[in-house]
Amino acid sequence: MPAPAFPSPPQPVSAETRLAYVLRHFRLAYENVPDISIGYAGTQPQLEIAEGAGEFFSQTNPYPAAPNRREWLGQSVPFFFDAEPWKPLLELLPSGQSRINADIISGAFYLLSGWQEYYSEERDQHGRFPYSASVQHTYGFVTLPVVNYYFDVLKTAVEHILGHSLKPCTWLNGAKWAAFITHDIDNLYSAWKAPAKAAFQRRDWPSLARQLWQHFTEKDAWDNLEEVQQTVASYGAKSTFFFLPEHRKAANGTPNADYKLRKVWQKAVAAIGNSETGLHASIGTDKLHLQLKSEGDLLQQFKKGDKDFGIRFHYLGWEPRITPTLLSLHGYSYDSTLGFAEHFGFRNSYCLPFYPFNFSASPFTVNPPQVTIQLLHNAPVSFTLGPRNSIQTSTFLEIPLNVMDATLHHPRYLQLEPKEILPALTPMFQEIERFGGVCTVLWHNENFDPANENTGPRQFAEIMEYLRSRAVAFVNGTDIVGEITKQRSTAS
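Count the sequence shown with UniProt numbering and you get residues 1 to 492, in order.
Right, dumping it as structure tokens:
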């Protein structure tokens, strides 16, 4: 499926814009970052970054040259825009200055902004940018939060200048990292269908009769929201339920919900208690303004006028040329769609929430006294990392999706054996913990059915037990937005 046309002619992204966007997120990752000038050569900043992007961000190529690998924190980390790989990555100068000999600003911007999927024409059968077309797949780093490694290099350089350490921001009750446990409610009444179909195909009439009898006389195994909420609560955790308002199939035949939200809402909210609820927007709404508005209005009506809720698109639909503008337009506080369906890890190579770059919006505003800039190609650019800087990006917070149950065993995806799941995920969890990030888990309610032995209750329990054993803070989307907003008030 081809990508939609650009909503407006693509505009070059200047060095000042890239610098401002990246440094804003650096300030959100660490506590109380003092004023310090950071920039490219020529303006004599305290921290000099080697410029390596050249003309790349004035063009529309989705992919830069292959990255160089450098060692940092015991990992082989890919560095894009690394024009002088023979030089040491970081030079701590005796004059109280530092130099980073790879363009980590351009590299961080490239990954965090989603530049590759904005300019790529590659889309899968569901209209999504495919993992197979990504630099994460090409160079094998989908489970490495590369931007966080870049930020650690930057932090080390800043600490040398300051003479003291910077601390990562913490989560609720001072926890070093957080976990966001979510459930997309696609189906409530369809647990009987697959076994009934299988019985019919093998002409097992007694089994078929039993399935039909249970369907008409007993509660469906997927009508289990209370059990889901209680299971998650038993770990001291919170659930966030994303409800799907559309029950009709999409135009291409892809199913939406097997229930009508109007009919089940009161029963559902009684089952989940005070758990957080959000919108699971239907197929195609990542590109359709009026349909997205209609579904958001419906959920707001059910929530008695409450407008402050998050969203995740069904089938992880996301069109980078359209969706960020729609989400900002409709005022969502957060989205949690950005993960690859095909592989767990980091779609934007970052393990913290971030404000998506909006290529269609006015890219930034800054307080003029804090900036030294010349808008000539390859001219010196510097930016003062001060408290008054304000960067205009998307208005909603992106809470990246790290692992989805379907990814782990779906026949088109990883096909992991049950015993392989936790060992496969553990290195990713360790990376999130290392950098104080948020681990977002999507486990559909239907996979709490004991009949699922591949991505079912047992595998979910193993993940939750691991997270709890690592002293994670279990949070919901509202908690995350509140923590980031609090940090933002001191970082802007």
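Note that beta-carbon positions come from the ideal geometry of N, C-alpha and C, so glycine has one too.
From a predicted model like this one, the values you see are computed outputs, not experimental measurements.
According to the Cβ coordinates, are residue i and residue j closer than 9 angstroms?
i: Leu-329; j: His-280; result: no
i: Glu-31; j: Thr-156; result: no
i: Pro-418; j: Gln-459; result: yes
i: Gln-44; j: Phe-346; result: no
i: Arg-262; j: Asp-184; result: no
i: Ile-272; j: Ser-234; result: no
i: Met-442; j: Thr-182; result: Inspection of the sequence shows that residue 442 is occupied by Leu rather than by Met. Contact flag set, yes.
i: Ala-133; j: Ile-100; result: no
State the Cα-Cα distance for the pair residue i and residue j, rounded to the nearest angstrom.
i: Pro-423; j: Phe-79; result: 27 angstroms
i: Lys-287; j: Pro-320; result: 9 angstroms
i: Glu-453; j: Tyr-466; result: 19 angstroms
i: Lys-304; j: Pro-62; result: 43 angstroms
i: Asn-358; j: Thr-323; result: 9 angstroms
i: Asp-306; j: Pro-10; result: 36 angstroms
i: Gly-477; j: Trp-318; result: 19 angstroms
i: Pro-7; j: Gly-74; result: 43 angstroms
i: Gln-430; j: Glu-121; result: 34 angstroms
i: Glu-16; j: Glu-276; result: 39 angstroms
i: Pro-450; j: Tyr-189; result: 15 angstroms
i: Leu-416; j: Asp-220; result: 27 angstroms
i: Tyr-40; j: Trp-265; result: 55 angstroms
i: Pro-94; j: Gly-163; result: 12 angstroms
i: Asp-297; j: Ala-178; result: 30 angstroms
i: Gln-125; j: Tyr-334; result: 26 angstroms
Where does residue i fall in DSSP's three states?
i: Trp-72; result: strand
i: Met-404; result: strand
i: Ile-36; result: coil
i: Phe-344; result: coil
i: Thr-17; result: helix
i: Pro-45; result: coil
i: Arg-123; result: coil
i: Leu-227; result: In the sequence as displayed, the identity of residue 227 is Glu instead of Leu. Helix.
i: Glu-462; result: helix
i: Ala-233; result: helix
i: Asp-335; result: strand
i: Arg-468; result: helix
i: Pro-4; result: coil
i: Ser-98; result: strand
i: Ala-473; result: strand
i: Leu-397; result: strand
i: Val-142; result: coil
i: Phe-57; result: helix
i: Pro-418; result: helix
i: Tyr-30; result: strand
i: residue 497; result: No answer is possible for residue 497: the residues shown for the chain start at 1 and end at 492.
i: Pro-130; result: coil
i: Pro-457; result: helix
Among the residues of its own chain, which have a CB less than 8 angstroms from the CB of residue i, if the five just before and after it don't count?
i: Ile-484; result: Leu-28, Pro-353 and Leu-397
i: Ala-175; result: Ala-471, Val-472 and Ala-473
i: Gln-46; result: Ile-36, Ser-37, Ile-38, Gly-96, Gln-97, Ser-98 and Ile-161
i: Tyr-413; result: Ala-341, Glu-342, His-343, Ala-406 and Thr-407
i: Lys-293; result: His-330
i: Tyr-139; result: Ala-66, Pro-67 and Pro-78
Looking at the secondary structure, which residues open and close the beta strand (DSSP E) in which residue i lies?
i: Leu-279; result: 276-281
i: Ile-181; result: 178-185
i: Phe-242; result: 240-243
i: Arg-312; result: 311-313
i: Leu-442; result: 438-442
Which residues in the same chain as residue i place their Cβ atom closer than 6 angstroms to its Cβ, once the five residues preceding and following it in sequence are excluded?
i: Asn-447; result: Asp-405, Thr-455 and Gly-456
i: His-343; result: Tyr-131 and Val-142
i: Ser-113; result: Phe-357
i: Leu-92; result: Ser-98 and His-160
i: Asn-187; result: Trp-222, Asp-258 and Glu-446
i: Asn-68; result: Phe-79, Asp-82 and Pro-85
i: Phe-151; result: Phe-26 and Ala-29
i: Glu-117; result: Phe-129 and Pro-320
First and last residue of the alpha helix (DSSP H) that includes residue i?
i: Phe-429; result: 421-434
i: Leu-326; result: 323-330
i: Leu-89; result: Where Leu-89 is concerned, there is no enclosing alpha helix (DSSP H), given that its DSSP letter is neither H nor E.
i: Ser-113; result: 104-113
i: Ile-161; result: 146-162
i: Arg-262; result: 261-272
i: Gly-296; result: 289-302
Between which residues of its own chain and residue i is the CB-CB distance below 7 angstroms, once the five residues before and five after are set aside?
i: Val-146; result: Val-77, Pro-78, Leu-111 and Ser-349
i: Asp-479; result: Leu-172
i: Leu-338; result: Trp-318, Arg-347, Asn-348, Glu-398, Pro-400 and Leu-401
i: Lys-249; result: Pro-255 and Asn-256
i: Ala-53; result: Phe-81, Asp-103 and Ser-106
i: Lys-260; result: His-247
Does any residue of chain B bring its CB to less than 9 angstroms from the CB of residue i?
i: Tyr-131; result: Considering every chain present, this structure includes no chain B. It has just one protein chain.
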